[in-house]
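Numbering (my numbering), first residue to last: -10 to 98.
One structure is given below, encoded as structure tokens.
Pasting the structure below:
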């Protein structure tokens, strides 16, 4: 599935001051990683976010979110935020920071 390049550029802008982030194309999307741990990924016109096991239950109940499921089996630990939940830069930044906070908490690979 092609991904939204404009959304990817907006995510890059959020990460611009973080010298520890890297990008990698995989699974048909652009993954944004810290310490080689996925924080978020742009997939289609939305955002896959890895909020971590403690924050997952509350994250999945927020507006414009759903289980990350493109194969018939949900991807453990990820929520998918639809484009409607990413309209403002503030909303996007909040989601990116959720994923980045969890990625930073993990040991680097």
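All C-beta atoms in this analysis are idealised placements derived from N, C-alpha and C, irrespective of residue type, glycine included.
Just so you know, these numbers come straight off a predicted model, no measurement behind them.
Practice prompt. Just tell me which of 86, 36, 75 and 8 has its CA closest to the CA of residue 69.
Written response: For residue 69, the closest C-alpha among the options 86, 36, 75 and 8 is that of 36.
Item to complete: State yes or no: is the C-beta of residue 23 within less than 9 Å of the C-beta of residue 93?
Response: Contact annotation: residue 23 and residue 93 have beta-carbon atoms nearer than 9 Å.
Practice prompt. Under 7 Å Cβ to Cβ from residue 53, same chain only, skipping five residues before and after it: list those, please.
Written response: Non-local beta-carbon contacts of residue 53 in its own chain, meaning distances under 7 Å to residues more than five positions away in sequence, involve 70, 71, 73 and 74 in chain order.
Worksheet entry | One or two residues paired with residue 55 in a DSSP bridge | For residue 55, which the question treats as bridged, DSSP gives the partners 69.
Worksheet item: Taking the C-alpha atoms as reference points, what is the distance between residue 80 and residue 6?
Response: Cα-Cα distance, rounded: 18 Å.
Fill in: Nearest-angstrom Cβ-Cβ length linking residue 41 and residue 91, presumed shorter than 8 Å
Right, their Cβ atoms sit about 4 Å apart.
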